[in-house]
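Trainee: Sharing a structure here in structure tokens format.
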Amino acid sequence: MLEKKGLVGDTESFSFSCLDQDKNFVAGISGISSWGGFYIDSLFVNENIRNQNYGTLLMQKA
1 MLEKKGLVGD TESFSFSCLD QDKNFVAGIS GISSWGGFYI DSLFVNENIR NQNYGTLLMQ
61 KA
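Numbering-wise, the UniProt record's numbering puts 55 at position 55 of the sequence shown, and it's gapless, one number per residue.
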């Protein structure tokens, strides 16, 4: 018999952001970590700074 159960283990939300020199938001990532892995809910990189490894840096930080 199958039984539906809640998520067991430590579940934690996270978010990281990148600000420019004027403290404007230019990139960010958010999601949850659980069971030793993580799920990315959102990843945003402003068009003006794309292809400069900001997305990669955020993924590594997560």
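By construction, the Cβ of each residue, glycine as well, lies at the ideal position given by its N, Cα and C atoms.
#1: Quick one, which of Q21, K23, D22 and N46 has its alpha-carbon nearest I29's?
#2: Taking the alpha-carbon positions, what's the S13 to Q21 distance?
#3: May I ask you to list the residues that DSSP assigns as paired with T56?
#4: To which residues of the same chain is S42 closer than 6 Å at the C-beta, ignoring the five residues directly before and after it?
#5: Starting from E47 and walking both ways along the beta strand (DSSP E), at which residues does that stretch end?
Mentor: The short version:
#1: N46
#2: 27 Å
#3: Looking at the DSSP assignment, T56 forms no beta bridge with any residue, so it has no partner.
#4: S30
#5: Looking at the DSSP string, E47 is not in any beta strand (DSSP E), and its letter there is neither H nor E.
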